[in-house]
Amino acid sequence: MANLEDLKKSRETDRAAFTKAYNKVEELITLEGVDISELEAELNVLKVKVERLEITHASILELLLRRILKQNLKLLKIFVIKLYGLKQKQEGLSLVNKM
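Residue numbering for the sequence shown follows the numbering used here, beginning at 1 and increasing consecutively.
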């Protein structure tokens, strides 16, 4: 799995490519007498750029989610250990009180 910094750099590149493709399509739309086949070709390029950006974005979100889950799991383990320690203390006090 790629690391977060690599994915962020890739996202920057993907955004720039998307913006360039979007601007080209927008420019063609505003022209009078635009060649429809050229416009369709540029729309296909834009579609590819959108898909690439979506994939990169999803990868970043997945990686961030994994990091959050790992952090939460660590916290959960700490709380379980503390709870177990409290339970042991309680059982120890119960034994002392019974004596």
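Just so it is clear, CB atoms sit at the ideal spot from N, CA and C, and this is done for glycine as well.
Ala21 places its beta carbon less than 8 angstroms from that of Glu42. Between the alpha carbons of Lys74 and Val48 lies a distance of about 39 angstroms. Less than 8 angstroms separates the beta-carbon of Arg15 from that of Leu53. Taking every protein chain shown into account, the CB of Leu69 has fewer than 16 other CB atoms within 10 angstroms, so this residue is exposed.
Distance from the CA of Gln90 to the CA of Asn72, rounded to the nearest whole angstrom, comes to 27 angstroms. For Gly92, the three-state secondary structure derived from DSSP is helix.
Distance check between Leu7 and each of Glu62, Val80 and Phe79 places Glu62 closest, using alpha-carbon atoms only. Ile81 and Ser10 have their C-alpha atoms roughly 41 angstroms apart.
Annotated three-state conformation of Glu32 is coil, per DSSP.
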